[in-house]
Amino acid sequence: MHYPIGLLFDLLASSSALPWNITVHFKSFPEKDLLHCPSKDAIEAHFMSCMKEADALKHKSQVINEMQKKDHKQLWMGLQNDRFDQFWAINRKLMEYPAEENGFRYIPFRIYQTTTERPFIQKLFRPVAADGQLHTLGDLLKEVCPSAVDPEGINLFMRYPPPNPDPSTSH
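Just so we're aligned: the sequence shown equals residues -17 to -1, 1 to 154 in mature numbering (1 follows the signal peptide of the UniProt record, and there is no 0).
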């Protein structure tokens, strides 16, 4: 429960057909391996905390602070009930690019890792370089995760260890 569903799919079931059928157990699960979720309210609180964190980076918390409690609830209920229009009516405000402020202050991101002591990388990353050039995803990866960049470009789905390019040799 403490990893995003897309990450879990990539790690555990990327060769499976979609939709990915999963079963969530609220009892009798390995508590030493998984975080226990005390309630649905805890999930909602975590979701809203993530939204507030992202808005603080992007808009100095101005958008989320201007929302009313009913807007927060609509955002959560739209996500929970798979109602895109209900969700997007509110989330759209969080995704708007504030041109009068030259765009977002920082780009919220988190890169999950499976091979180090640090489970993820997260740091401040400005969308515009000091010279005024817009940064790309490649620029972000070169700065925070240089091992994901090879001479031929970016390898976003890099597996550890990387696949052996020559099947006649083994590790």
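Ideal placement from N, C-alpha and C gives every residue a C-beta, glycine not left out.
Under three-state DSSP, which class holds residue i?
i    : result
I104 : strand
V7   : coil
D133 : strand
E49  : helix
E126 : helix
G86  : coil
K43  : coil
R66  : coil
H29  : helix
D38  : helix
L1   : coil
H55  : helix
D16  : coil
A72  : helix
Just grab the DSSP bridge partners of residue i for me.
i    : result
L117 : V111
Y95  : F103
By Cβ distance below 7 Å, which residues in the same chain neighbour residue i in space, the five residues on each side in sequence not counted?
i    : result
D54  : I73
M141 : Residue placement at M141 cannot be trusted, given a pLDDT of 45 that sits under 50; what the coordinates show is reported in the next sentence. Contacts found: A131.
Less than 8 Å separating the beta-carbons of residue i and residue j?
i           : j     : result
V132        : L124  : yes
K41         : P102  : no
I26         : K35   : no
Y89         : R75   : no
W59         : M31   : yes
W3          : F(-9) : yes
Q57         : Q69   : yes
residue 157 : F87   : With the chain running from -17 to 154 in the structure shown, residue 157 is simply not present.
Got a sec? Which residues, its chain only, sit under 8 Å from residue i by beta carbon, not counting five neighbours each side?
i     : result
D65   : none
L107  : L40, Y89
A(-5) : W3
W71   : G61
Could you name the residues of the same chain whose beta carbon sits closer than 6 Å to that of residue i, not counting the 5 residues immediately before and after it, in chain order?
i      : result
A37    : P91
L(-7)  : none
G(-12) : none
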